[in-house]
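Residue numbers (this note's numbering): -12 to 393.
Each residue gets a CB set at the ideal place from its N, CA and C atoms; glycine is no exception.
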């Protein structure tokens, strides 16, 4: 029996496997053959990259495997890196204008890796008091067991006295009240004090904000959201300065936080349409925010471009596809949600379809009543993640549901 194993077309790192091609294998029993299927040689590169659904890679000899452990771009074991996960990390880095990037198993994993990589051992983590509830829970439990933590107000007239080696975490657009963070001001203060600025850019995406251009050191994404865009993966990414991402990658491999290859492939496919999706979603969100702001059943509407204050343009390229509005009570919020026919209740964001969420009962449910009140998460607050549908249909659905609230 003759079987060809080929790595042609798979890139530079596979060139050293050429000696494995054209091996003459002995005739074997069908039961043995079943375990050793042929590997088809690909002479032309595919339009869409394949999924590398393998846990481990093979080598012709000990010298090659030893070299692979220390050669960037070589693959040994998918817990450390895989061609799909490597491509995804590089793509997000390119979208953000970063020196390097890695894909990891979730947005929470990305946050943990970024915070650990940017804070020197034993140094304090400063975090904005307005953050995703899951992030606050992660910081106030797991991170607090490893280092000092302190909340701060990034919009205050004066910022805390950060110190060299400390980390500072903010969101480019806060969750859920959609308030833009003063990234340029924060980055300058971090440079002056020697602290490192980490920005969660999940709400904004690289389409609406480029934190590294504003002076951030590291950017974090939940790729589960708008970058993948189709609600079918759980993934995260850490991108930024080379040495900080390298430390995050070391921790990722040791702790088994690498992204799944198939999920990474799906996210790369979804990211191809990120810009066209976001442009439509942002246009829709801007229109809906104006309608909601004028509706008598809505107590308050939160969206960066509402009102006369245009300072958001200092740090954002566009106001984003997320908004929030308050209808006054949990009962009224539930009435509205039950009345929706097109828009669905789903505790996530960034999908091509428009969804609503109730932060008090979902994203920020781990917070106590006092902490929710302090950051404006009221019982009547609804977060709207705007998709790419026709905006007239979206407003028609919201208007008829709001009529029941009124």
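query, result
"For residue 195, does the three-state DSSP call read helix, strand or coil?", "helix"
"Give me the Cα-Cα distance between residue 388 and residue 327, rounded to the nearest whole angstrom.", "6 Å"
"If you compare alpha carbons, which of 228, 45, 220, 275 is closest to residue 255?", "220"
"Within a Cβ cutoff of 7 Å, which residues of the same chain sit near residue 240, ignoring the five residues on either side of it in sequence?", "66, 67"
"If you draw a straight line from the alpha carbon of residue 174 to that of residue 305, how long is it in whole angstroms?", "20 Å"
"Given a cut-off of 8 Å, decide if residue 231 and residue 342 are closer than it, judged by their beta-carbon atoms.", "no"
"When the Cα atoms are used, what is the spatial distance from residue 270 to residue 133?", "43 Å"
"Helix, strand or coil for residue 58 per DSSP?", "coil"
"On a CA-only basis, which of 152, 236, 324 is nearest residue 73? Give me that one, please.", "236"
"Who are the Cβ neighbours of residue 226 in its own chain at under 6 Å, not counting the five residues just before and after it?", "79, 80, 83, 85, 88, 206"
"Which value, in whole angstroms, describes the spacing of the CA atoms of residue 9 and residue 335?", "In this prediction, residue 9 has a pLDDT of 48, which is less than 50 and means its spatial position is unreliable; what the coordinates show is noted afterwards. Straight-line Cα distance between these residues: approximately 50 Å."
"Would you kindly check if the distance between the Cβ of residue 338 and the Cβ of residue 218 is under 8 Å?", "yes"
"In terms of DSSP beta bridges, what is residue 167 paired with?", "160"
"Around the Cβ of residue 262, are there at least 16 other Cβ atoms within 10 angstroms (buried) or fewer (exposed)?", "exposed"
"According to DSSP, which residues form a beta bridge with residue 252?", "Answer is none; residue 252 lacks a bridge partner."
"Return the residue from the list 224, 233, 259 that minimises the CA-CA distance to residue 246.", "224"
"Tell me whether the stretch 95 to 113 and the stretch 181 to 189 touch, counting them as touching only if at least three CB pairs, one residue from each stretch, are closer than 8 Å.", "yes"
"Sorted by chain position, which residues of the same chain lie with C-beta nearer than 8 Å to residue 40's C-beta, five sequence neighbours on each side aside?", "248, 249"
"Going by beta-carbon coordinates alone, are residue 178 and residue 137 separated by less than 8 Å?", "no"
"Using a Cβ-Cβ cut-off of 6 Å (strictly less than) and excluding sequence neighbours within five positions of residue 191, which residues of its own chain qualify?", "159, 160, 307"
"Identify the continuous alpha helix (DSSP H) that holds residue 72 and give its terminal residues.", "70 to 83"
"From the DSSP output, which residues share a beta bridge with residue 91?", "223, 245"
"In whole angstroms, what is the alpha-carbon distance linking residue 212 and residue 96?", "14 Å"
"May I ask you to report which of helix, strand or coil DSSP gives residue 187?", "strand"
"How would you call residue 203, buried or exposed, if buried means at least 16 neighbouring beta carbons within 10 angstroms?", "buried"
"For residue 371, write down the residues that DSSP places opposite it in a beta bridge.", "310, 343"
"Identify whether residue 139 lies in helix, strand or coil by the three-state DSSP scheme.", "strand"
"Can you tell me whether residue 145 is buried or exposed, with buried defined as 16 or more other CB within 10 angstroms of its CB?", "exposed"
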